[in-house]
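Colleague: Let me give you the structure first, and then I'll get to my questions.
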Amino acid sequence: MGGSAISIIRLDFLKTIHHNNLIYQTRTCQTANSTPLTIIGHIKLEIKIKAVSTYVIAHVATNLITSILLGNDWINSNHVHLFGDQNQLTIPDQHGQLNIILYVEPTCINYPALLVHEITIPPYSQALVDITCKVNDANDLIFEPYEHHISKFIFIPHTLLNTNK
């Protein structure tokens, strides 16, 4: 099973919705692509999908790439079934009746990311590099390497980026 084991909400999104008290407990986790994820605490959230109310203890992060991530903790405890090939999920209501919810993939916009300065990175090392991109100012972009670079003996991870003008 893929995906996140835990449910996470981004702090700036949490500030825009009604919620109970945040329990502060700072720690750093590592994501699947080794990006550090800064957790500042956790909070009980009510998640409403159609007429079904569910609850989850979500970790609060300052640098999550999306507004909220419902993890396997929420999926399993609420008996949610995902059908990616059909773009739908099912969730039972309080009487056990299955609700079918359709979802759509977000639109994907690709922009080339070009190095500002040429760089040589020694083996088994990593580096932060400056790039140019058509996007002027945005948070939480994902860098995906071109497929022809992936086949070389270079590990190029999918990376979280923030851009500034």
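Read in order, the letters of the sequence shown are residues 1043 to 1207 in my numbering. Virtual Cβ for every residue (Gly too), placed ideally from N, Cα, C. From a predicted model like this one, the values you see are computed outputs, not experimental measurements.
#1: Does the beta-carbon of Leu-1170 have 16 or more other beta-carbons within 10 angstroms, so that it is buried, or is it exposed?
#2: If Val-1102 and Ile-1051 are in contact, beta carbons under 8 Å, what's the gap, nearest whole angstrom?
#3: In this structure, does DSSP put Gln-1136 in helix, strand or coil?
#4: Checking the sheet assignment: what are the DSSP bridge partners for Glu-1088?
#5: Please determine if the region 1128-1136 and the region 1149-1165 are in contact, where contact requires at least 3 C-beta pairs separated by less than 8 Å.
#6: Could you have a look at Ile-1107 and say whether DSSP puts it in helix, strand or coil?
#7: Is DSSP giving Leu-1056 helix, strand or coil here?
#8: According to the Cβ coordinates, are Leu-1156 and Ile-1173 closer than 8 Å?
#9: When DSSP builds the beta bridges, which residues end up paired with Tyr-1145?
#10: Using only the alpha-carbon positions, how far apart do Trp-1116 and Ile-1142 sit?
#11: Between which residues of its own chain and Leu-1079 is the CB-CB distance below 6 Å, once the five residues before and five after are set aside?
#12: Start and end of the beta strand (DSSP E) containing Ile-1065?
Modeller: Taking the definition as stated:
#1: Working through the sequence shown from its first residue, we reach residue 1170 at position 128. By the 10 Å Cβ count, Leu-1170 comes out exposed.
#2: As a working note, residue 1102 is residue 60 in the sequence shown. As a working note, residue 1051 is residue 9 in the sequence shown. Yes, Val-1102 and Ile-1051 are in contact; Cβ-Cβ is about 6 Å, under 8 Å.
#3: As a working mapping, residue 1136 is identified with position 94 in the sequence shown. Coil, per DSSP.
#4: Within the sequence shown, numbered from 1, the residue matching residue 1088 stands at position 46. Answer is Tyr-1097, bridged to Glu-1088.
#5: no
#6: Along the sequence shown, one-based indexing puts residue 1107 at 65. Three-state result, Ile-1107: coil.
#7: The sequence position of residue 1056 within the sequence shown is 14, counting from 1. Three-state DSSP puts Leu-1056 in a helix.
#8: Translated into positions along the sequence shown, residue 1156 becomes position 114. Translated into positions along the sequence shown, residue 1173 becomes position 131. Yes, the pair counts as a contact, with Cβ atoms nearer than the cut-off.
#9: Looking up residue 1145 in the sequence shown gives position 103. Bridge partners of Tyr-1145: none, in fact.
#10: In the sequence shown, the residue the question calls residue 1116 occupies position 74. In the sequence shown, the residue the question calls residue 1142 occupies position 100. When rounded, the distance between both Cα atoms is 17 Å.
#11: Within the sequence shown, numbered from 1, the residue matching residue 1079 stands at position 37. The answer, listed in chain order, is Cys-1071, Thr-1073, Ala-1103.
#12: On the sequence shown, position 23 is the one that residue 1065 refers to. Its beta strand (DSSP E) spans residues 1065-1072.
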